[in-house]
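Numbering-wise (this note's numbering), the sequence shown opens with residue 587 and increments by one.
Just so you know, even glycine gets a beta-carbon here, dropped at the ideal spot from N, CA and C.
Take a look at the structure below.
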Amino acid sequence: MKLKFLGTSNGAGIPVHNCSCSTCEYYRKNKQSNLSTCSYIELDNKSVILIDAGVENIANIFDKRYIKAIFLTHFHSDHALGLLRLRYSYQKILCFHPKDEEGFANLFKHKMSIRYIENKEFKPIYADEIIFIPIPLSHSKNTTGYLIKTKNSTIAYLTDCYAIPNLSLNFLKAINIDYVFIDATYSPLSIGNNHLNYEEATLLIDEIKPKSNGFLMHASHKTLSYIADNKIELKYKYINKGFELTI
587 MKLKFLGTSN GAGIPVHNCS CSTCEYYRKN KQSNLSTCSY IELDNKSVIL
637 IDAGVENIAN IFDKRYIKAI FLTHFHSDHA LGLLRLRYSY QKILCFHPKD
687 EEGFANLFKH KMSIRYIENK EFKPIYADEI IFIPIPLSHS KNTTGYLIKT
737 KNSTIAYLTD CYAIPNLSLN FLKAINIDYV FIDATYSPLS IGNNHLNYEE
787 ATLLIDEIKP KSNGFLMHAS HKTLSYIADN KIELKYKYIN KGFELTI
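Okay, here's the thing in structure tokens:
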């Protein structure tokens, strides 16, 4: 099975409307785009498990594909927008999510084909022989990352956050993790307090000590421009839309 990314950017996406930074211009020149951070696990039978659903046309992307479940990190629009259309599906879909009284838009009021199931922090959820363990993260909305265990790999998926609480960090450090994917929206010079910058994210990866590798995600176009313009070499790489990993 594979972990694949439909997008790896922050909510603005890339290119940003009418922005002339070096990153946005590079994407335009090369006819590329990146969407909000959203990924999925493609199972051996070609069905999928979604991790977030922030891509607006996700219902079309997975048309005629069976969605085993959705694991939502939180209800900000760039992680939940696609549910507004996906709820019209002719398939019944389970959506696991952290506790949230409001959710996003009118999803709770008009559930339609989606059954929302509140996850419990650190309590395993089983989906097609894969174990998902919700990991509490510090963000402006109640948020859980996920520890994902397959037969071959253990993955820490940690977006969005400005910090990892001590209880969560100690839990992660006590496990042999193969790969870490972590929020690194900002550069160290950015003004913002709702996400990690790449230096903070790098220190957290070092502390978790993945056996194989760590990856940065949820990047702002301004952060990528700052790195490119200043020729900064990073210890861990930012992943792009289309990135995939055999798990």
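- For H725, the three-state secondary structure derived from DSSP is coil.
- Taking a cut-off of 8 Å on C-beta distances, the segment 798-808 touches the segment 762-781, as three or more cross pairs fall below it.
- For I761, no beta strand (DSSP E) encloses it, and the DSSP letter there is neither H nor E.
- For the alpha helix (DSSP H) assignment, the uninterrupted runs of no fewer than 4 residues enclosed by the segment 759-831 are, from N- to C-terminal side, 784-794 and 807-815.
- Unbroken alpha helix (DSSP H) stretches of 4 residues or longer found wholly inside the segment 662-734: 663-666 and 669-672, given in chain order.
- Looking from the CA of K821, the closest CA among E785, Y812, S811 and L810 belongs to E785.
- Spanning the alpha carbons of L831 and L693 requires a straight line of approximately 31 Å.
- In the DSSP assignment, the residues bridged to F591 are S625.
- Taking 8 Å as the cut-off, the beta carbon of E704 is found no closer than this to the beta carbon of K759.
- The segment 609-617 and the segment 628-645 do not touch, with fewer than 3 CB-CB distances between them shorter than 8 Å.
- Excluding five sequence positions before and after C605, the CB atoms of its chain that fall closer than 7 Å to its own CB belong to H807, given in chain order.
- Under DSSP, V641 forms no beta bridge with any residue.
- Taken through DSSP and simplified to helix, strand or coil, K632 comes out as coil.
- In this structure, the alpha-carbon of L782 lies about 6 Å from that of Y772.
- Taking a C-beta distance under 8 Å as the contact criterion, G731 and S663 do not qualify as a contact pair.
- For A598, DSSP records no beta bridge to any residue.
- For I741, the three-state secondary structure derived from DSSP is strand.
- Our two residues, N826 and H683, have alpha carbons roughly 25 Å apart in a direct line.
- Per DSSP, the beta bridge partners of N620 are I600.
- When beta bridges are read from the DSSP output, F657 appears opposite I637 and F682.
- Of all C-beta pairs linking the segment 643-660 to the segment 719-730, three or more are shorter than 8 Å, placing the two stretches in contact.
- Within its own chain, the residues whose Cβ lies closer than 8 Å to the Cβ of P710, once the five positions on either side in sequence are excluded, are I717, F718 and I719, listed in chain order.
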